[in-house]
Each structure stands twice: as C-alpha cells, then as structure tokens.
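Worksheet for the structure shown next.
Protein chains in written order, with my numbering: chain B, 1 to 430; chain P, 1 to 185; chain U, 1 to 312.
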C-alpha cells in the first residue's frame, strides 16, 4: 500500500453502484487535484496522468465508521490516531468518529482540537465525539456548545451509561440546541454487574457471570421516553438484542428521534463461539444469541437499524492474554468491517449489496447530519474502491492497527479493498 | 490379529497334567499346604493359580488362600509406552506375613513381570518366602530371576512368542508357539 | 478406550466410556489405600505442581495425597506464596513454573476458564481442581464414584442437587457427568440461585426441597456461600435454613430412604442439620476417601507420554 497525491489519476474500468436502488454502471473516474474531474468513458491513451485499472471493482462514496476508539491521548501503546487511520484505510473507510473515553476524556474543547489537529494530515476524516458529562462521570453535563464549536459531531459517555435520568434529560435538551445526537451505551450497571458474557446457556455452561439482555432494553426504553419528552435526538450505540430492536422500532413508529447502529461482530458471531474462553470474544455489549442476530438483521432490512459501525476497540496483548474475568472488553473492527458485512450479511442474502453499503456510507452521515460524498464532476474525491468478489485471508500479523485483539485470524472474507481517496490523497494497493 | 501358529506345545490334557504336577511339587516342597498361599499374576496367571488351588484343596483336603495381583502400577516401561494400560483390582484377602507365597504366572520370559510382582508383594507385608511357579519358561532372561516350579521349558527364538490359551477367556486350553507380531510401538 | 484429552478441564464433553474408565480405575486404586504400604511406584518419573490460587484445604490435601500415593514428585503453591501478588500475569507465572520442567499442573482458580487458558500457555497436562463457577471435575467424579458404589449403577438414578446452583462448579460438574452417565438430575434452590435457562442442560428444576426429597434417591447438598446473602440473593441465613435446609423432620415426612452427600466443607445447621451429616444415610466421609482414589486415577490416566497421546 502507498499513499500518493490525488493529482491526475484515472481509475479505469470501474463500476459505480447506486446505494438507493442497486443500479450499477461501468465507468472510468478521473481525480484531479483531489476533486472528481470526469466520470464516464475515458480513453487511456488521451490521459496524461497515472492510470489504475480497477476492473471488477466498485467505486463507492467513502465508507464511514461512526464508532471507533483510538486511544490517543492516553493509551498510545494500543492505538494512535495515526495507526487508527491506517487501519481505517486498510478497511476501506475514509471517515471515523472517535469515542471520548480517552485519557483524559474528550470533555473539553482542547481535547477536541487536539484530536482534530493530530488527524489533519491524515487521509481519513476524524470526527471527535465528546463527552455528555464531565469526565464521563454522569453527574454534570459538559460544555456542549464549546465542544460542538470545536468540532465535536456528537456526544457520548461511551462505555458508561448516563444513569441519572435527570442528567440524561438535561443532556438531550441541551444537545438539541446544537443539533447533535446524544449517543448512549445502553447497559444498566446494576443488572450487568460483573457480567462477562450474555446471560444464557453459555454463561451457565462456562460459569461466567451473565449480562442479561434486559440490561440493554431497560436503558433503551428509558432513553426513548426521555427523547420523546425532550424532543432530543438519541442514538443507540451497538444495539445487540432482539428486545432492543423491537423498542427502537416502536420508538420510530411513535415519531421519536431515535437512531441506532449495530456492529459487524454482533451480526457475525453468537455467544456459542465463547466455548474456548477466548478473551478476543469478550466485548460490551456481549455476543448474544442466534435469535438476537436474526432480529438485528431484520432490523437492518426494515430500516429500524440505521447504521453499521465497528466499535473498533484496541487493547494491548498483555491485557487480553489473561484469565477471562480480568480481560478488558473490546474487539478490533475497522479492518474487517467491510469484509465481515459482505461475507456474513450480503453473501448470506440478509441484505443486498447496495443496502449494506448504504448502512456504511449514507446512514451514519444522516445520523450525524453530514452530506454524502458524491461521485460527480467537481465534487471532492471521497471514494472507496474494492472488489466485492475477491477473497482475502485475515492475518493478525498484517493488521495496521497497533493492537491484535480480534477473533477473525484466518477467516476468509470477501471484498478486498483496492484504494481509498480523500482530502486530496489516494491510498492504494501497489 | 491373526498370528501364524508354528506348533502346539501343550494340548488340553497336557495342560491338566502340568497343573497337577505343579501342584504336587508345591505340596512336596512345602511339606503340605499349611503355611502357603497362592498369588496369581493377572491375567492368565490368576486363572492358573485358581486351578492350582483347586488341585491343592482336592489333594490335601484343606483350604489354600488365593490372591490375585495386578502388577500394572509396578511396571518399568512407563516412560516409553503409548498409553496407560487398564489398572485392575488387586485382591489379596489375607495377611502374607510369615507365610510362603507362591507366585503364579503363565510365561516366564525376561523376568520383568516377576520383578514387578515381587515389588508389589513386598508392599503387602513380609512373607517367609516367595516362590515362583510358571507354566512355561521360554528363556531370554534380562534379570536374575529363576522359577522354582516350571511346567515346561521351551527354548524359543526372539522372533517367536509363547501363547497360553485358557478356557476362562480364550475358549480353549493349550499352549502355542507362534510367530511374534511386528513391533508396534 | 483411553482418555481423549491430555487434560481434565471439565466433565462437559467427556464421554460415558471415559467416565467409566476413570471410575473403574479409581475402584482399583481404592484398594491400594488399604494396603499396609499404601503407595505404588507408578508415577516416579512425574513432577506435578499444585497451583492453588484460591484457598482450599481438602481438595489440595486430597490431590497431594493422591500424588504421593503414586510416588510422583509434587509441589504445592498457594496464592500467598506465589508471585501473583507481585503483579506478574498468570501466564508469566505458569510459564516460569513450567520452565522448571514439570509434567502436570493441578490448578484451582477463582476465575472460570483458567485451566483452559493454561492449556494455551504451557505444554504440561492440566487438571482442573475447580475454576470459578465453571467446573470441578474431580469432585463430580468422586460424587459419581460414591453413588455408583452405593447403588451399583448411575443410569436411572435420581439425584437432586440442592443449594446455590448458579455459582457452583460442583453443580456444573455433577450435572454434566450425571447426565452423561444416564442419571436423572434435579436442581433445587431459591430461584435467585438457579440460572434461568438451566433446563436447557436437561435437568429438572424445583424450588421446593420437599418435592426434591420426594423425588430423589440422592440429595447432593451444596455449601451455601454466606457472601451470596450479602449480595442480596437470599434475604437471610435464617430464612434459607427454614426454606432450603435439609433436616431430619423433612426426611421423616418423606417416609423413604434417601442418601445424603455434600462436597464440604459443611455449614452445619444451615444447609444441612448437624445430626444428618453424621447419620448412616450420609456418604460424606466416603466421598472424601473416594476423592483420593479418583484423583489417583485421573493422574495415572493422564500421565501417558505425550508422543503417544499425539499419535493416538
């Protein structure tokens, strides 16, 4: 892989896909000084710049992952903004939203600016999400206006649920003035206390404390009530249960401003994978049952579930290579999101290709009120180019992320990424 | 596995006669059966011991204690074996202190089984003496062990094997000389 | 048929043939314990480390005795004396111990899954001596050995496990082992101490001790951990004893013979009335004796050399 200036490049023999109706079109695309210069049939011999043959590849608007953890500032040994962006590019993703559970947490405009500054030279757009409450303590709301003006695109205390109903109410009210969603990690800490995996047959068999699905559902129900009451926008992070899907569906029917996302691992894996006590399968919310997966897929199809996001959560090897109870929650996801979705969701015909792409391009931007990059003359070139058919094998050792905590080593996935293009740069396979 | 039989060394009648002779020799040497006990080594030694005890009772009209010894746990080939053999019960329901114990086995070969049996017996007490009775002695000793009562001496080559077959488990009574199976290690 | 695994991590997935082999081998070993010299030279070539990261008296002594009866060299290692308290990871601790050339590790740990984790860290054979709330396979085996001795069979035997099912590794191993051997299993206790989905393991559930007594041939009574009361899982020890304690009056009302077992240590007067623990119907001390025999059997069967196991 190498990164070059997006200065006079012709992507020859590609194909675009309409993410609303799946219509595909053979095209060549010329990128000139970071902008799309021409789309259509372009003769190679009349072209003076670099030519990249992208036969059998799709050219789509740059993918966005609205839920990632880059550990900068605080745990740069696990991930930095630079390595996180490298992982994003490898996964075909040109925009990410970083969660605020850094150290110190992203609860001041200085931290928001710091993150934006560190990401300035990167091809990937890094949009910080700031804390709902100061220090993510759930007590006092942060200086939301300041944070939004500094560049925060949403608010979340990710990892922590805002338990105090009054605080959550004020946060939704206040955030609605600045039109940013409040993203909640929905887990009742008392019901989930000590929970290592989903409460079910696996927690019984393995003797691990269970985290019941109602822990998520109860908080979603509360959030919906507060969103309805305040008129604020609530976004449910990493929805994992059938009960949660049903609640969000009803909330949407009632006209509540609610959106939600689901992760690739909650679609590709169930709790039964845990029989070997693999700490790479330990995450919050936990892997659930096949019935929950089915409900999430139905939710994706009928529009209840808006977006797909990875919840990319790097952890140091020495922290994961311990007894199950002692391991931190989290799993890498940026580099495998597209592959997992194409392989485990599209090829199984749970979603059609354009629907899946919608969930990873348009949907997160709708949640965050951002425009979708257009593949049109004169627009900034923000593109992901990948071959949906060709297979690749996940190799832990080859990851761009600084961490290795993922259970997909050796998996064969479809959708090899050829190039990403954004901010005047092209990053492509040699 | 089908093994090639080279010769029948002892047939059914011969086996009966041999057991009877072994019993007689035991009585002679110990001047009766008052201070003796018979201990057979599993698997076939135990059945031969049972038959000897029956003969002794018949001849002398007295009960002779019978014990069964499993020597698995005393074997010396633990470190180069593939899997653990089944351990069966050892049953010596009498005190062996100060009596003459006659250890019974089917075939005496390298002497290693007898060595293991001697060690095992010692863990049960301090007998006045231990004597060894075998149905067949085929030679090739690797340890300084000698049988006190031998049913039959059969010189063999290392490529051969002596098989004692008993009605209790093999449905027939005889002793065969067979070609040894290929080493399966 | 030999054991399928080099390790004993739990009874889930262990076949009826394997369990039978262990129980029959244990019966042979029990005889050794009655000999004038109750020791055999079998495991002279084996070095065994007992890693106890959680306090335990009887299981540790039982394993140590089993190792000594088989002539293995063994060393015990308890949390207070280990380097774990100095902040070393579990993986480093066990790899350091293994570097001293050991053959088997017997491990007890408060976290579920530690024995499985150790199989990924080191080459030695691992024997689970109780991990968190997961399994305690040698306890399950000795319980089955004791029942088999008394009843001559396990198939069709009705066993009720009474107490804190949700947090008990003894219950876990008993359920898996007994189900595999064809016994019928009922779990009985307050609803707050029984996992919601336990029926999926093929066991009956009852919240009435009297019903369990009426149904069962054997009551396996579990120790109630007093910290569960502090966690709010039952209101008071007094009420637990009144509702779920096993006592003579209850048994007399049932008008039938019933066998009582307990993995120990007993909270006398809480889950089990004191007289009953010492009554004729109690097999509690027999369980302790069988514990040594079962552990000898497991050590013996797992001590076959590795190359052989790899081939077979």
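For glycine and all other residues, C-beta sits at the position ideal for the given N, C-alpha and C.
Could you give the DSSP three-state label for residue i: helix, strand or coil?
i, result
"residue 10 of chain U", "coil"
"residue 177 of chain P", "strand"
"residue 178 of chain B", "coil"
"residue 83 of chain U", "For residue 83 of chain U, the predicted model reports a pLDDT of 47, less than 50, meaning its position is unreliable; a value from the coordinates is still stated below. Helix at residue 83 of chain U."
"residue 120 of chain B", "coil"
"residue 263 of chain U", "coil"
"residue 71 of chain B", "coil"
"residue 234 of chain U", "coil"
"residue 241 of chain U", "helix"
"residue 154 of chain B", "strand"
"residue 280 of chain B", "helix"
"residue 37 of chain U", "coil"
"residue 31 of chain P", "coil"
"residue 312 of chain U", "Residue confidence is low: residue 312 of chain U scores 29 on pLDDT, short of 50, so the model does not pin down where it sits. Its coordinate-derived value is still stated next. Note: residue 312 of chain U maps to coil in three-state DSSP."
"residue 215 of chain U", "helix"
"residue 358 of chain B", "helix"
"residue 325 of chain B", "helix"
"residue 300 of chain U", "helix"
How about residue i: is its C-beta nearer than 9 angstroms to some C-beta of chain B?
i, result
"residue 186 of chain U", "no"
"residue 262 of chain U", "no"
"residue 19 of chain U", "no"
"residue 164 of chain U", "no"
Given residue i, which residues of its chain have a CB within under 8 angstroms of its CB, disregarding the five upstream and five downstream residues?
i, result
"residue 284 of chain U", "260, 261, 262, 264, 266 and 277"
"residue 61 of chain P", "none"
"residue 300 of chain U", "25, 29, 42, 43 and 70"
Could you tell me whether the Cβ of residue i comes closer than 9 angstroms to any Cβ of chain C?
i, result
"residue 84 of chain P", "Checking the listed chains, one finds no chain C in this structure; the protein chains it contains are B, P and U."
For residue i, count neighbouring C-beta atoms within 10 Å of its own C-beta (all shown protein chains included) and say buried if the count is 16 or more, exposed if not.
i, result
"residue 83 of chain U", "Low confidence applies here, because residue 83 of chain U scores a pLDDT of 47, under 50, leaving its location unreliable; read the following figure in that light. Exposed, by the Cβ-count rule."
"residue 229 of chain B", "exposed"
"residue 81 of chain U", "Low local confidence applies: a pLDDT of 45 at residue 81 of chain U is under 50, so the model's placement there is unreliable, with the coordinate-based value given in what follows. Burial call: exposed."
"residue 59 of chain U", "buried"
"residue 429 of chain B", "exposed"
"residue 271 of chain U", "buried"
"residue 96 of chain B", "buried"
"residue 113 of chain B", "exposed"
Between residue i and chain U, is there a C-beta pair that is closer than 9 angstroms?
i, result
"residue 120 of chain P", "yes"
"residue 326 of chain B", "yes"
"residue 322 of chain B", "yes"
"residue 331 of chain B", "no"
"residue 66 of chain P", "no"
"residue 73 of chain P", "yes"
Excluding sequence positions up to five away, which residues of its chain have a Cβ less than 6 angstroms from the Cβ of residue i?
i, result
"residue 156 of chain P", "138"
"residue 15 of chain B", "24, 26 and 58"
"residue 206 of chain B", "none"
Closer than 9 angstroms, CB to CB, is residue i near chain P or not?
i, result
"residue 41 of chain U", "yes"
"residue 146 of chain U", "no"
"residue 137 of chain U", "no"
"residue 25 of chain U", "yes"
"residue 70 of chain U", "yes"
"residue 300 of chain U", "yes"
"residue 31 of chain U", "yes"
Leaving out five residues on either side along the sequence, give the residues of the same chain with a beta carbon under 7 angstroms from the beta carbon of residue i.
i, result
"residue 145 of chain B", "178"
"residue 344 of chain B", "267 and 268"
"residue 112 of chain P", "76, 142 and 143"
"residue 54 of chain B", "11, 12, 13, 14, 385 and 418"
"residue 150 of chain U", "259 and 283"
"residue 78 of chain B", "71, 314, 315, 316, 402 and 403"
"residue 221 of chain B", "247"
Residues in the stretch 262-282 of chain B having any Cβ partner in chain U nearer than 7 angstroms: 276 and 277
The stretch 87-119 of chain P: which residues have C-beta closer than 8 angstroms to a C-beta of chain U, in chain order? 87, 88, 89, 90, 91 and 119
Could you run through the stretch 104-119 of chain U and flag, in chain order, every residue whose CB is less than 9 angstroms away from some CB of chain B? 109, 110, 111, 112, 113, 114, 116 and 117
At a CB distance below 9 angstroms, what residues from the stretch 191-211 of chain U approach chain B? Give them in sequence order. 195, 196, 197, 198, 200 and 201
In chain order, what residues of the stretch 85-101 of chain U put their CB closer than 8 angstroms to some CB of chain B? 89, 90 and 91
Given a limit of 9 angstroms on CB to CB distance, which residues of the stretch 124-151 of chain P reach chain U? 124 and 125
Of the residues that make up the stretch 55-88 of chain B, which ones have a beta carbon closer than 9 angstroms to any beta carbon in chain U? none
Below 8 angstroms between beta carbons is the criterion; list the residues of the stretch 278-310 of chain B that meet it against any residue of chain U, in chain order. none
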